[in-house]
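Asks:
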Amino acid sequence: MKPVDKSFDQEMSPQLKQMVGQLIHELNQFPEVIRYKQVEEAINKSTYLKKLEETIKEKQKNAAHMMVYGKIQAKKELDKEIDSLTLQFQQNITVEQYRSAQEEVDELIQTIMQYLQTQLVDSLE
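For the sequence shown, position 13 matches number 14 in my numbering, and the numbering has no gaps at all.
(1) Quick one: residues in its chain with C-beta nearer than 6 Å to the C-beta of A75, no 5 flanking neighbours on either side, listed in chain order?
(2) Within 10 angstroms of the Cβ of Y37, are there 16 or more other Cβ atoms? Answer buried if so, exposed if not.
(3) Buried or exposed: V69, going by 16 or more other Cβ atoms within 10 Å of its Cβ?
(4) For E82, which residues of its own chain have a beta-carbon under 7 Å away from its beta-carbon, when the five flanking residues on both sides are left out?
(5) How far does the alpha helix (DSSP H) with N93 in it extend, from its first residue to its last?
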């Protein structure tokens, strides 16, 4: 999840900080958030995925060098390898679960934000 803008944090009152902290605590209890954290941890612990990611990055770096040195055919071959490895990464079941869990959490947060906005606007009218 993205870090919070610290300048906004400094402007918040202690009471608002406490309320936000409580909301975050409550959000962390949702099954969608728990699942997201579990899958994220599985990805972080996967040596296979780490090695695959490192291999992709290294080949991308090599492809950029090939382009600089005008080795177009070698770059094309590397690009095919990169595409294949990237597809392999994206189709990994843990990565698919991660993306699914991430979408669920995003939807949950959007729903909560829309609800808060509606309730706030309604209370001001």
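Glycine included, each C-beta is placed from N, C-alpha and C at the ideal position.
Remember, predicted model here, so these are calculated numbers, not experimental data.
Replies: Checking against the coordinates, here is how it stands:
(1) M67.
(2) Classification of Y37: buried, given that the 10 Å Cβ count is 16 or more.
(3) Residue environment for V69: exposed (fewer than 16 other C-beta atoms within 10 angstroms of its C-beta).
(4) If we look at E82 and ignore the five residues flanking it on each side, its Cβ neighbours are K60.
(5) Counting along the chain, N93 falls outside any alpha helix (DSSP H), and DSSP gives it neither H nor E.
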